[in-house]
Structure formats: structure tokens, C-alpha cells
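Shown next, in C-alpha cells, is the structure this report addresses.
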Amino acid sequence: MDDGTSSGASLEAALTRDNEEAFRALASMPVTTARGDTLVRTGSAPAPTLIKIDVEGGEVGVLRGCGEVLAAAHPLLLIEVHSATTMFRTRAVLDALGYELRLLEDGGRPDSRCHVIARPPRGA
Numbered sequence: 209m210d211d212g213t214s215s216g217a218s219l220e221a222a223l224t225r226d227n228e229e230a231f232r233a234l235a236s237m238p239v240t241t242a243r244g245d246t247l248v249r250t251g252s253a254p255a256p257t258l259i260k261i262d263v264e265g266g267e268v269g270v271l272r273g274c275g276e277v278l279a280a281a282h283p284l285l286l287i288e289v290h291s292a293t294t295m296f297r298t299r300a301v302l303d304a305l306g307y308e309l310r311l312l313e314d315g316g317r318p319d320s321r322c323h324v325i326a327r328p329p330r331g332a
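The opening position of the sequence shown corresponds to residue 209 in our numbering, with each subsequent residue numbered one higher.
Structure (C-alpha cells):
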């Protein structure tokens with residue numbers, strides 16, 4: 209959101225005493241999902257050159273669901289990472305694929321989400 213707060217659509221526990229009121233009106237709903245690898249393999253989508261990931265704590269799951277695409281097509285990645293733990297896990301997945309990560313901005317708070325760019329291996 210524009211004021212820097214989360215929209216609340218999170219796979220991580222987001223409810224705290226500070227924001228409990230904001231979440232009272234929210235409801236959940238089922239959505240259809242598909243792995244990036246499946247979409248490319250079946251021809252439903254072309255191999256991407258850029259992937260933007262903003263999934264409120266589900267970053268590692270998205271990266272794992274695109275493992276074949278990342279290894280073969282080497283797209284540039286723009287990722288909003290939602291916690292230090294998620295950043296650690298995200299970095300481990302991308303390091304194994306040879307990606308180079310760079311912090312774009314940290315939201316001004318070291319315990320908050322941050323935005324990173326992940327460049328594919330040189331020569332890829």
C-alpha cells in the first residue's frame with residue numbers, strides 16, 4: 209500500500225496487536241494457482257525474461273515453482289521479501305541457481321520487508 213503498510217494478504221502470520229482492527233473486515237477466498245514451470249512447459253505462457261514477485265511471504269514457494277524456468281531461461285527477478293527469515297531462505301534458493309542479489313530498498317526499517325533485484329548468472 210502507498211503508506212508502507214501491508215495489505216494483509218499474507219502467507220505469514222500478519223495479525224498483531226498493532227493492526228488487529230485493520231484485519232477484522234477481511235475474508236479469505238479460494239484462488240486457482242499454477243506453477244510457473246507448468247505454465248511454461250505446457251505452452252500456456254512463454255518463458256519470461258522478467259518475474260516480479262510480491263506474494264506476502266510466499267517468495268520461496270514461488271521460486272521453487274519456477275525452478276526449471278529460472279535454471280533454463282534465467283529471467284531477471286524483482287522481489288519484495290517480507291521478513292529476515294524469508295530473505296535467508298530466498299537467498300539460499302537463488303544462490304544455488306547462481307543469481308546475484310542486490311538490495312533496492314529496505315523500507316527504512318530493518319525488521320520490515322525489503323525489495324531486491326536478482327540478476328541471473330553472468331553469461332546465462
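Glycine included, every Cβ here is placed at the ideal spot set by N, Cα and C. Only a predicted model underlies this, so the values are computations on that prediction, with no experimental measurement involved.
Please determine, among the options, the residue with the shortest C-alpha to C-alpha distance to residue i.
i: glycine 331; options: Ile325, Ala280 and His290; result: Ala280
i: isoleucine 259; options: Arg249, Val277 and Pro238; result: Val277
Measure the Cβ-Cβ separation of residue i and residue j and say whether it is below 8 Å.
i: proline 329; j: glycine 306; result: yes
i: valine 268; j: arginine 297; result: yes
i: cysteine 274; j: glycine 251; result: no
i: glutamate 313; j: histidine 323; result: yes
i: leucine 271; j: leucine 234; result: no
Taking only the alpha-carbon atoms, compute the straight-line gap between residue i and residue j and give it to the nearest angstrom.
i: isoleucine 334; j: arginine 232; result: The chain is shown from 209 up to 332; residue 334 falls before or after that span and cannot be answered.
i: valine 289; j: threonine 246; result: 24 Å
i: glycine 265; j: serine 291; result: 8 Å
i: proline 254; j: serine 236; result: 31 Å
i: leucine 311; j: threonine 241; result: 28 Å
i: leucine 286; j: valine 263; result: 12 Å
i: alanine 300; j: serine 320; result: 19 Å
i: isoleucine 325; j: threonine 294; result: 15 Å
i: threonine 257; j: valine 239; result: 25 Å
DSSP state of residue i, grouped into three classes?
i: leucine 310; result: Reading off the sequence, residue 310 comes out as arginine, not leucine. Three-state result, arginine 310: strand.
i: arginine 356; result: Lying before the first or after the last residue shown, residue 356 is absent from the chain, which here runs from 209 to 332.
i: leucine 305; result: coil
i: glutamate 267; result: helix
i: arginine 330; result: coil
How far does the alpha helix (DSSP H) with residue i in it reach, from first residue to last?
i: glutamate 276; result: 275–281
Along the beta strand (DSSP E) that carries residue i, what are the first and last residues, could you check?
i: arginine 327; result: 322–327
i: valine 248; result: Run containing valine 248: none in the beta strand (DSSP E); it sits in the alpha helix (DSSP H), 244–249.
i: valine 289; result: 284–289
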